[in-house]
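According to the working numbering, the stretch in the sequence shown is residues 354 to 527, in order. See structure below.
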Amino acid sequence: DKIIDSQIAAIERAKELGLPIVIVEYEDYGDTNSALKKAIGDYGRVRYFQKDRDGMFDPRNSFRGPLMEHLKELDVGTLLITGANGGACVKRSIRGALENEFQVIAYTQGIADFNYKEFIYPYKYSKDQVAVDCERCSFREASSVDQLMSVVLGEGRLGSPMIKGTQFRPEGSQ
């Protein structure tokens, strides 16, 4: 599947850079895809969390606290978001991340939507989409793994790194 392959490519690149990986599983909706688990393997910087609401940052999500504590402990300021279902879980997670003042990158090739044959991208950072009143927040999209990592690290024409302003750096960097 093209989306799974894109997610695997993102996992592999994150592992190469020593970035932490967070997997959020929807309680009672099954485990993470076996191909993704295989790609993660025994990587030491991965952590699994549960959720019981569409958005992983929804205040009603009874598993939200441990996720927020983990991200704070790592001083993570930027989230690279993939997943399913695009028009519900992913969209609500992006909105929640922005509301919690995270910088957000949506990896469009790694987002599935079960309501449409082709993924329809509903995340424009504008009115009636993912509008959040947060002057320090930023929302970007990336359509390839190389572009995704360029945004994170601030390389090339994509501008300053989104991790700027946090203490987080890829493992092994200065």
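The beta-carbon is built from N, C-alpha and C at its ideal position, and this holds for glycine as well. None of the values given here were measured: they were computed from a predicted structure.
* Could you give the DSSP three-state label for VAL443: helix, strand or coil? => To locate residue 443, count along the sequence shown from 1; it is residue 90. Looking at VAL443 - three-state DSSP - the assignment turns out to be helix.
* **Beta-carbon proximity list for LYS368, same chain, < 7 Å, skipping 5 on both sides** => The residue you call residue 368 lines up with position 15 of the sequence shown. TYR396, listed in sequence order.
* To do: Determine the direct distance from the alpha carbon of ARG366 to that of THR431, and round the result to whole angstroms.
  => The count along the sequence shown starts at 1 and reaches residue 431 at position 78. The count along the sequence shown starts at 1 and reaches residue 366 at position 13. The alpha-carbon of THR431 is positioned some 16 Å away from that of ARG366.
* To do: Measure the alpha-carbon distance for ARG398 versus LYS425 and round it to whole angstroms.
  => In the sequence shown, counting from the first residue as 1, residue 398 sits at position 45. In the sequence shown, counting from the first residue as 1, residue 425 sits at position 72. If I take the Cα positions, the gap works out to 15 Å.
* Asked: Which same chain residues, not among the five before or five after ALA362, have their C-beta less than 7 Å away from its C-beta?
  -> In the sequence shown, the residue the question calls residue 362 occupies position 9. VAL498, listed in sequence order.
* **Cutoff 7 Å; reference ALA388; Cβ partners in own chain excluding five residues on either side** => The residue given as residue 388 occupies position 35 in the sequence shown. These residues qualify, in order along the chain: ILE357, ILE361.
* Cβ distance (whole Å) where PHE410 is taken to contact ASN453 below 8 Å -> Translated into the one-based positions of the sequence shown, residue 410 becomes position 57. Translated into the one-based positions of the sequence shown, residue 453 becomes position 100. Yes, they are in contact, since the Cβ atoms of PHE410 and ASN453 sit about 6 Å apart, within 8 Å.
* Which one or two residues does DSSP pair with THR431 in a beta bridge? -> Start at 1 with the first residue of the sequence shown, and residue 431 comes out as number 78. Answer is GLN456.
* Could you work out which residue in ARG400, LYS444, ALA392 is closest to LEU427 when comparing CA atoms only? => On the sequence shown, residue 427 is found 74 positions in, with the first residue counted as 1. Closest option to LEU427, Cα to Cα, is ARG400.
* Could you give the distance in angstroms between the alpha-carbon of ILE473 and the alpha-carbon of VAL429? -> Stepping through the sequence shown from its first residue, residue 473 is reached at position 120. Stepping through the sequence shown from its first residue, residue 429 is reached at position 76. Residue confidence is low: ILE473 scores 49 on pLDDT, short of 50, so the model does not pin down where it sits. No coordinate-derived value is stated.
* Asked: If you drop the 5 nearest sequence neighbours on each side, which residues of the same chain put their C-beta closer than 7 Å to that of PRO419?
  -> Counting from one through the sequence shown, the residue named residue 419 turns up at place 66. PHE402, listed in sequence order.
* Bridge partner(s) assigned by DSSP for ARG406 -> As a first step, residue 406 must be located in the sequence shown, where it is residue number 53. Bridge partners of ARG406: none, in fact.
* Report the residue from SER359, LYS404, LEU370 whose alpha carbon sits nearest the alpha carbon of ILE376. => Along the sequence shown, read from residue 1 onward, the residue named residue 376 stands at position 23. Cα-wise, what sits closest to ILE376 is LYS404.
* Asked: Looking only at DSSP bridge pairs, what is TYR379 linked to?
  -> Looking up residue 379 in the sequence shown gives position 26. Answer is LYS404.
* To do: Return the CA-CA distance between LEU451 and LYS391, expressed in angstroms with no decimal places.
  => Here residue 451 refers to the residue found at position 98 of the sequence shown. Here residue 391 refers to the residue found at position 38 of the sequence shown. Straight through space, the alpha carbons of LYS391 and LEU451 are spaced by roughly 30 Å.
* **Beta-carbon proximity list for ARG417, same chain, < 8 Å, skipping 5 on both sides** => By 1-based counting over the sequence shown, the position of residue 417 is 64. Contacts found: LYS404, MET409, PHE410, ASP411.
* C-beta contact flag for ARG406 and ARG445 at 9 Å -> Here residue 406 corresponds to residue number 53 of the sequence shown, with the count starting at 1. Here residue 445 corresponds to residue number 92 of the sequence shown, with the count starting at 1. Yes, the pair counts as a contact, with Cβ atoms nearer than the cut-off.
* With which residues is GLU494 paired in a DSSP beta bridge? -> Locating residue 494 in the sequence shown gives position 141, where the first residue counts as 1. Under DSSP, the beta-bridge partners assigned to GLU494 are ALA459.
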